[in-house]
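Protein chains: 2
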Amino acid sequence: MPLRLGTQVITLKTRHPFVIARGGSSDYRVVWVRLADADGVEGWGEADPSAYYGETADTVLAALGKLEPHLPADPFDLEQAEARFAQLAPNSAAARAALSAALHDLVGKRLGQPLWRLWGLDPARAPRSSFTIALDTPERMREKVIEASSYPILKIKLGTDRDEEILKAIRDATDKPIRVDANAGWTRERAFRMLPVLRDFGVEFVEQPLPPRDLEGIAALRRQGVLPVIVDESCVVATDVPRVAGAADGINIKLAKCGSLREALRMVAAARAQGMLVMVGCMIESSLGITAAAHFTPLLDAADLDGAALTVNDPFRGATIEGGQICLPTEPGLGVRRR
Amino acid sequence: MPLRLGTQVITLKTRHPFVIARGGSSDYRVVWVRLADADGVEGWGEADPSAYYGETADTVLAALGKLEPHLPADPFDLEQAEARFAQLAPNSAAARAALSAALHDLVGKRLGQPLWRLWGLDPARAPRSSFTIALDTPERMREKVIEASSYPILKIKLGTDRDEEILKAIRDATDKPIRVDANAGWTRERAFRMLPVLRDFGVEFVEQPLPPRDLEGIAALRRQGVLPVIVDESCVVATDVPRVAGAADGINIKLAKCGSLREALRMVAAARAQGMLVMVGCMIESSLGITAAAHFTPLLDAADLDGAALTVNDPFRGATIEGGQICLPTEPGLGVRRR
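Set out below in structure tokens:
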């Protein structure tokens, strides 16, 4: 009997409007995916579409409908299933990532093992996650820093014309480690000016300072030697890694970009082969989506998995980032339950 | 209770002396490694030392003795166990590969799943293996071609001063696909002369035409555009992949070089990220060593896993290459038994 697919759109609400350099919102429509086998065991996954990559909850549903006839007969047949999905729905990474997570969840549940254990990983090696302070007025960003008091590492979204003001407001409120994500919002000129400012504010590293295709500019920034430079939008899948290896110090993996858990592991391997730093990021997601990404964090240097912690109506319980430490579930598969 | 380590040296005998460009022998001492858990479940692995990489059965035993106190408490803790082994015994890849295989075998047996299935692979995608005709007189090589009648792809070891004569003798005896391994036995001048000759004899690709460090020469040969060039000795571990990516069309993975099953998978990912061909090779090994490598062949383009088929006293039964097709066991773990 083939796997049965169930889908449900969930509207996640964030505590504050989540604004980055490209704009933002308080409502995020994600898709909860369920794959049931003949014994009624269910694998769960979540699609967290990014408008930046051309996906919405509706395109996700359409892609899932297209992929449904191509689900594997056996959920263990992961390599071929994912390859088929990638061929049939190349531009639906979020949808594919949900199916990938659901298949992995099902395999783990069948074997009675948490995914990190099937992958041979030590959950104690999961890094701490940063917690994002989204764009706002300096005063409100300072308030958010206080709300985030339990998180030891902050991530600041910049790429505006008041970046220095924002940094100063946050530095006045805390001396915690800060990481900066410019979401491709700077020009070369501005980035060259900003990196020393970031360093002076004690920033640990900067993500995607320039537009994705400006690898030359990114490489020049890196040669400046001021701060480690991580690429996110410039590096979507594993075949992008060799191209960015000469330009950046590290990559930021996201399941909604790369489209599968196995591709994420391949990105880790490809980046490590280049001696690069590797981190994982997320969208606004429930704990279901976050947990899928959390399972491979023992392989990483850094994580930004605050997507569920930023919401007020997370329907799931899975990996947590309480106190900043990523804590992986010990239940089989993804180890995610309804709240 | 910690895992208990058992070791036993086995002397494999080849049907014919196995001679390559660097010399050869008929007797091969390998080490059978057993890891028993508290329930008496045993994971098996095999160390196939290569003198070229400075290992012998005796250095393997010494390395295993050194690593024994550092075995994981839990065989599932593969990532950290392998990392520890690599740190403690960096020059003992064959010894480490045996422990890696034994741990993977144990995990698979505990879960009741063959390793390929735990890795999400489809055994039907395993490629065919070539069968090696070792260096000998042209007449005896022709005899060996006849003995190898059940194998559809032949691999010829060259790198001598009578390469053309050997090729002609073999081509006179068969029209099967031929692959050539020069084992770093040519000079640049000779390699440039030989590649068009190989092409004219219908050779599919050439392995390691020049010394490992002559990547410039290898790149120049590749630019000649005559035949795909695969590197073996030039590419030992995943961090070598970016370095050889500009020089060669593909890599040949061997467990006795890279030291672990997980490193082999990382090499596949790193090479695929570069768009490279990937094959797997072997030493003279029993079916135990061959089977460990066979489990990841569904990810590969080509395989040369004839190490056990070349012996006359293989103590094990596992993956087979009958008729050239790699056939993966369906039993849990590696799926290897005593004959």
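Protein chains in written order, with the working numbering: chain A, 61 to 399; chain B, 61 to 399. Ideal Cβ positions, reconstructed from N, Cα and C, are used throughout, including at glycine.
State the Cα-Cα distance for the pair residue i and residue j, rounded to the nearest angstrom.
{"i": "Pro-358/B", "j": "Arg-188/A", "result": "36 Å"}
{"i": "Asp-165/B", "j": "Leu-394/B", "result": "5 Å"}
{"i": "Ile-350/A", "j": "Gly-367/A", "result": "7 Å"}
{"i": "Thr-71/B", "j": "Leu-287/B", "result": "37 Å"}
{"i": "Leu-163/B", "j": "Ala-184/B", "result": "25 Å"}
{"i": "Ala-154/A", "j": "Phe-376/B", "result": "45 Å"}
{"i": "Glu-199/B", "j": "Ala-308/B", "result": "33 Å"}
{"i": "Pro-135/A", "j": "His-130/B", "result": "35 Å"}
{"i": "Asp-260/B", "j": "Leu-365/B", "result": "26 Å"}
{"i": "Ala-161/A", "j": "Ile-230/B", "result": "51 Å"}
{"i": "Phe-356/A", "j": "Asp-274/B", "result": "37 Å"}
{"i": "Phe-265/A", "j": "Cys-318/A", "result": "22 Å"}
{"i": "Asp-300/B", "j": "Ser-85/B", "result": "29 Å"}
{"i": "Asp-108/B", "j": "Asn-151/B", "result": "14 Å"}
{"i": "Leu-270/A", "j": "Val-304/A", "result": "13 Å"}
{"i": "Val-205/B", "j": "Phe-252/B", "result": "27 Å"}
{"i": "Pro-272/A", "j": "Ala-352/A", "result": "25 Å"}
{"i": "Gly-383/B", "j": "Ser-190/B", "result": "10 Å"}
{"i": "Val-88/A", "j": "Met-254/A", "result": "First, the amino acid is wrong: residue 88/A is Tyr here, not Val. Distance between the alpha carbons of Tyr-88/A and Met-254/A is about 31 Å."}
{"i": "Leu-127/B", "j": "Val-289/A", "result": "38 Å"}
{"i": "Glu-203/B", "j": "Tyr-211/B", "result": "14 Å"}
{"i": "Pro-132/A", "j": "Ala-186/B", "result": "18 Å"}
{"i": "Gly-219/B", "j": "Arg-250/B", "result": "9 Å"}
Taking all protein chains shown into account, do 16 or more other C-beta atoms lie within 10 angstroms of the C-beta of residue i, making it buried, or fewer, making it exposed?
{"i": "Pro-302/A", "result": "buried"}
{"i": "Gln-147/A", "result": "exposed"}
{"i": "Thr-197/B", "result": "exposed"}
{"i": "Gly-262/B", "result": "exposed"}
{"i": "Gly-180/B", "result": "buried"}
{"i": "Ala-111/B", "result": "exposed"}
{"i": "Ser-347/B", "result": "buried"}
{"i": "Met-61/A", "result": "exposed"}
{"i": "Ser-209/B", "result": "exposed"}
{"i": "Val-93/B", "result": "buried"}
{"i": "Asp-118/B", "result": "exposed"}
{"i": "Pro-256/B", "result": "exposed"}
{"i": "Asp-374/B", "result": "buried"}
{"i": "Ala-354/A", "result": "buried"}
{"i": "Glu-139/B", "result": "buried"}
{"i": "Arg-397/A", "result": "exposed"}
{"i": "Asp-417/A", "result": "In the structure displayed, chain A extends from 61 to 399; residue 417/A sits before or after that span and is not available."}
{"i": "Glu-106/B", "result": "buried"}
{"i": "Lys-399/A", "result": "The residue you asked about is not Lys; residue 399/A is Arg in the sequence shown. Counting Cβ neighbours within 10 Å, Arg-399/A comes out exposed, since fewer than 16 surround it."}
{"i": "Asp-241/B", "result": "buried"}
{"i": "Gly-306/A", "result": "exposed"}
{"i": "Gly-103/A", "result": "buried"}
Who are residue i's beta bridge partners in DSSP?
{"i": "Trp-92/A", "result": "Gln-68/A and Glu-106/A"}
{"i": "Phe-376/A", "result": "Arg-398/A"}
{"i": "Ile-313/B", "result": "Val-340/B"}
{"i": "Gln-385/B", "result": "Arg-188/B"}
{"i": "Thr-371/A", "result": "Thr-74/A"}
{"i": "Lys-217/A", "result": "Asp-241/A"}
{"i": "Pro-174/A", "result": "Gly-393/A"}
{"i": "Arg-257/A", "result": "What sits at residue 257/A in the sequence shown is Val, not Arg. Paired residue(s): none; Val-257/A is not in a bridge."}
{"i": "Ala-363/A", "result": "Ser-189/A and Val-340/A"}
{"i": "Ser-294/B", "result": "Bridge partners of Ser-294/B: none, in fact."}
{"i": "Asp-87/A", "result": "Lys-73/A"}
{"i": "Glu-267/A", "result": "Asp-241/A and Ile-290/A"}
If the criterion is Cβ atoms closer than 8 Å, does the pair residue i and residue j meet it?
{"i": "Ser-320/A", "j": "Glu-142/A", "result": "yes"}
{"i": "Val-91/B", "j": "Thr-74/B", "result": "no"}
{"i": "Val-297/B", "j": "Glu-323/B", "result": "yes"}
{"i": "Ile-213/B", "j": "Pro-174/B", "result": "no"}
{"i": "Ala-379/A", "j": "Leu-388/A", "result": "yes"}
{"i": "Arg-177/A", "j": "Lys-215/A", "result": "no"}
{"i": "Ile-344/A", "j": "Phe-145/A", "result": "no"}
{"i": "Ser-294/A", "j": "Gln-334/A", "result": "no"}
{"i": "Thr-192/A", "j": "Lys-228/A", "result": "no"}
{"i": "Ile-386/A", "j": "Ala-362/A", "result": "no"}
Say whether the region 96 to 109 of chain A touches the region 157 to 173 of chain A, bearing in mind that this needs 3 or more beta-carbon pairs closer than 8 Å, one atom from each stretch. yes
Are three or more beta carbon pairs between the region 272 to 292 of chain B and the region 327 to 335 of chain B nearer than 8 Å? no
At a cut of 8 Å, does the region 380 to 393 of chain A reach the region 117 to 127 of chain B through at least three beta carbon pairs? no
Is the region 307 to 324 of chain A touching the region 334 to 344 of chain A, taking contact as three or more C-beta pairs under 8 Å? The region 334 to 344 of chain A and the region 307 to 324 of chain A touch, with three or more beta-carbon pairs separated by less than 8 Å.
Contact between the region 237 to 257 of chain A and the region 207 to 227 of chain A: three or more CB pairs below 8 Å? yes
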